[in-house]
Structures are given as C-alpha cells and as structure tokens.
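Here is the structure we will look at, set down as structure tokens.
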Amino acid sequence: MKVRKAVIPAAGMGTRFLPITKTIPKEMLPLLDRPVIQEVVEESVLSGIRDIVLVTGMGKNSIEDYFDISPQLERFLAEKGKESLLERVEKVSRMVDIASIRQKEPKGLGHAIQCARSLVGDDPFAVLLGDDIIDSRTPCTAQLIEVFERFGKPVVALQEVPLEDVHRYGVVQGEEVEPGVFFISRLVEKPDPDQAPSRLAVAGRYILPPEIFTYLEATKPGAGGEIQLTDALDGMAGKSGIYGLMFEGQRYDTGNLLGFLIANIQYALNDEELGPQLLAYLKNRVLQGGE
Ligand code: G1P
Numbered sequence: 004m005k006v007r008k009a010v011i012p013a014a015g016m017g018t019r020f021l022p023i024t025k026t027i028p029k030e031m032l033p034l035l036d037r038p039v040i041q042e043v044v045e046e047s048v049l050s051g052i053r054d055i056v057l058v059t060g061m062g063k064n065s066i067e068d069y070f071d072i073s074p075q076l077e078r079f080l081a082e083k084g085k086e087s088l089l090e091r092v093e094k095v096s097r098m099v100d101i102a103s104i105r106q107k108e109p110k111g112l113g114h115a116i117q118c119a120r121s122l123v124g125d126d127p128f129a130v131l132l133g134d135d136i137i138d139s140r141t142p143c144t145a146q147l148i149e150v151f152e153r154f155g156k157p158v159v160a161l162q163e164v165p166l167e168d169v170h171r172y173g174v175v176q177g178e179e180v181e182p183g184v185f186f187i188s189r190l191v192e193k194p195d196p197d198q199a200p201s202r203l204a205v206a207g208r209y210i211l212p213p214e215i216f217t218y219l220e221a222t223k224p225g226a227g228g229e230i231q232l233t234d235a236l237d238g239m240a241g242k243s244g245i246y247g248l249m250f251e252g253q254r255y256d257t258g259n260l261l262g263f264l265i266a267n268i269q270y271a272l273n274d275e276e277l278g279p280q281l282l283a284y285l286k287n288r289v290l291q292g293g294e
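Last residue of the sequence shown: 294 in the working numbering, with the numbers rising by one and none dropped.
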C-alpha cells in the first residue's frame, strides 16, 4: 500500500533554545532563510507525500501560518513587481496540505504519534522528526519507502554512532539481510553504553503501518517517564518483525545549538552564492588563529 501521509511531531517546548523559544517555535528557527521544518516538509514532498499531519502544542500556530497562503504579502510583492520573491512565497503555501492536532500533555514521541491516529486513519504513514535534517541525493524517506514496499513491515532509518553517544538514541539489535538492510529483533531507547545491543541508532525517520497504534496503546512509560515509539516498535519487532535501513545521506541534529549551527554552516557552504564568501571568511578566521 502506498505511503501518502507523513506525521511531523512538533509539540516540543524547545527548552535547549530558550529564551528564543519563548515565542518562536524551534521548528521555525532558520536554516539559512527558511525555517528548519521546511527542509523536513520538502523531504516528504520529494518522497511523494503531500498530506502532512502536524502534532503541535501551544504557541505553534506560526508553523501552520507559514505553510498557508498570505494574500496581503502576495499582493504587495505582485504590486512591487518582485516576481522571484513572490514565486518563493507562493511555492511554500502550495507545497503541502496540513492537518494539525494538539498534543495536550508532553508525554513523549510515542504519545505524540498516538495523537495523530484519527488523522492518519488505516494507512501506512511516514514519521519525520524535525530535529533531524538529512541531506541526501535520494530523500531518506523515499529510501525507507522503497524498503517498506518490498518487505511490507515497519522500517526505521539507521546510522552508526560512537558508543559514547548511544544514550541519546533508540538503538537496535539486528542482522544484515542485504547490504544496508537489517532485520531488527530488538530496540532499546536511550541505553547506557554497556547495555546497548549495538552502535546502530535510529535516526528520526520511520515508515509505520497502522498496527503501530495498537502497540502504542499497550506501551507503558519508558525512558524519561515518556511513552516511547521505540518501545512500541520493540513490541512489533518481537511479533511481526521490523526492518532498518542504513540510509545514504548526511544527518544533522538541529535539536541542539551546536548541531543547529553546523547545519547552517554546511548549508551555507553548499549554497552557490553564499558558499564561496563564507568559505573565504572562515579561511581567513582560521589563518588568524581564530582571533
Ligand atoms: C527520538 C527517539 C529516538 C531516536 C531519536 C533520533 O529521541 O526517541 O529513538 O533515536 O529521536 O533523533 P529524541 O531525540 O527526541 O530524544
């Protein structure tokens, strides 16, 4: 069955970015001149998914406004003859259809996905976590869909991480069944290094069948006292099996200040216009010994 919907959880308070997140959702922080969430939404569109289910919280209305039309601004740009800006603004509002639902309590990622149940319905769906930006030739979600269509089981994105970092991720135990594709027998959320079944961590991309909701319902609070998607997937792995894919691409974790800065620098360096200027500046700084 085709994957036509994507759930993007966006209810988190963004405490790592306080004080700016007092009034600006962390999803709206900039990656160059666009909000971070646009990168994730574009990945979804490039993977063939235009129906987005946004799980939001208080103070997040600007995300929906951003992807809505803006008649006054569009009229202004048209009257001023600013065609290329108008085109960029219109492109954003035509990109996707967004339905949103509120997660009323901060009970974790698993709970956020549960909140989306009525909007997702009985079809398989993708989950894209907004903190994880993945730069790749084929969009990461499209890579996962390809595996999902062949095996008909849930698929998670995998990447190898240093042992000292496993405590930040869902970590899997699996067997490689074809190059880069793993049959997963167990998942553990945020394990201590000595308890981790491997160094293969779940990056923030998932393709899930609707049966996940039954498993989520039965999931008790886990790591951090939250309902963890990883724990529900562990239940599924034990029953019907799930797969993982070592995706091709570069992942940036924009959920912390350093990762957010690195993503911005990297995207700027890749930009035709900004790249050479920023590189010249950085080289100069390094030659001056960081003065
Ligand atoms: C979440 C998931 C975790 C996953 C990670 C990827 O954790 O719970 O399993 O590995 O995203 O970024 P969070 O970063 O929200 O703590």
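From the three backbone atoms N, C-alpha and C, an ideal C-beta is built for every residue, glycine too.
Ordered along the chain, which non-local residues of its own chain (more than five positions away) have a Cβ less than 7 Å from that of residue i?
i           : result
residue 235 : 113, 215, 218, 219, 222
residue 122 : 56, 102, 104
residue 53  : 99, 100
residue 243 : 156
residue 88  : 80
residue 282 : 272
residue 132 : 12, 207
residue 169 : 194, 196, 199, 202, 204
residue 77  : 89, 92, 93
residue 278 : 271, 272
Using CA atoms only, rank isn't needed, just tell me which of the options is closest to residue i.
i           : options           : result
residue 167 : 195, 10, 102      : 195
residue 20  : 257, 272, 164     : 257
residue 139 : 238, 288, 28, 46  : 46
residue 91  : 107, 36, 124      : 36
residue 134 : 28, 93, 126, 149  : 28
residue 239 : 184, 204, 175     : 175
residue 226 : 212, 69, 173, 255 : 173
residue 107 : 16, 224, 272, 269 : 16
residue 179 : 94, 246, 72       : 246
residue 184 : 149, 165, 164, 38 : 149
residue 30  : 187, 60, 281, 66  : 66
residue 2   : 39, 204, 24       : No statement about residue 2 is possible, as the shown extent of the chain runs from 4 to 294 and does not include it.
residue 93  : 73, 61, 280, 164  : 73
residue 60  : 84, 86, 26, 85    : 26
residue 22  : 124, 260, 284     : 260
residue 228 : 109, 241, 86, 83  : 109
residue 177 : 277, 237, 83      : 237
Going straight from the alpha carbon of residue i to that of residue j, what length do you get?
i           : j           : result
residue 33  : residue 14  : 18 Å
residue 7   : residue 210 : 11 Å
residue 171 : residue 152 : 29 Å
residue 99  : residue 202 : 35 Å
residue 231 : residue 81  : 47 Å
residue 70  : residue 41  : 9 Å
residue 4   : residue 51  : 13 Å
residue 116 : residue 9   : 11 Å
residue 265 : residue 253 : 12 Å
residue 44  : residue 12  : 12 Å
residue 137 : residue 263 : 13 Å
residue 63  : residue 290 : 43 Å
residue 68  : residue 96  : 9 Å
residue 3   : residue 275 : With the chain running from 4 to 294 in the structure shown, residue 3 is simply not present.
residue 273 : residue 255 : 14 Å
residue 204 : residue 188 : 14 Å
residue 127 : residue 111 : 21 Å
residue 288 : residue 163 : 32 Å
residue 181 : residue 145 : 18 Å
residue 125 : residue 24  : 35 Å
residue 267 : residue 224 : 35 Å
residue 83  : residue 284 : 34 Å
residue 292 : residue 165 : 29 Å
Give the range of the beta strand (DSSP E) segment to which residue i is assigned.
i           : result
residue 91  : Run containing residue 91: none in the beta strand (DSSP E); it sits in the alpha helix (DSSP H), 86–97.
residue 253 : 253–256
residue 66  : Premise fails: residue 66 lies in the alpha helix (DSSP H), 64–69, not in any beta strand (DSSP E).
residue 248 : 245–249
residue 8   : 8–13
Along the chain, where does the alpha helix (DSSP H) containing residue i start, and where does it finish?
i           : result
residue 285 : 277–290
residue 81  : 74–82
residue 262 : 260–273
Which residues in the same chain have their Cβ closer than 6 Å to the Cβ of residue i, if we skip the five residues on either side of it in sequence?
i           : result
residue 75  : none
residue 49  : 142
residue 154 : 246
residue 233 : 173, 190, 192
Give me, in chain order, the residues of the same chain whose beta-carbon lies closer than 8 Å to that of residue i; leave out the 5 immediate sequence neighbours on both sides.
i           : result
residue 147 : 129, 158, 159, 160, 208, 209, 210, 248, 250
residue 198 : 191
residue 58  : 10, 11, 12, 13, 14, 103, 104, 105, 106, 115, 116, 118, 119
Within the segment 104–179, ranges of the alpha helix (DSSP H) (whole runs, at least 4 residues): The qualifying runs are 112–118, 120–123, 143–154.
Inside the segment 25–56 only - alpha helix (DSSP H) runs reaching at least 4 residues: Here the runs fully enclosed are 39–49.
Length-filtered (4 minimum) alpha helix (DSSP H) runs lying within the segment 172–231: Entirely contained in the segment 172–231, the alpha helix (DSSP H) runs reaching 4 residues are, in chain order, 215–220.
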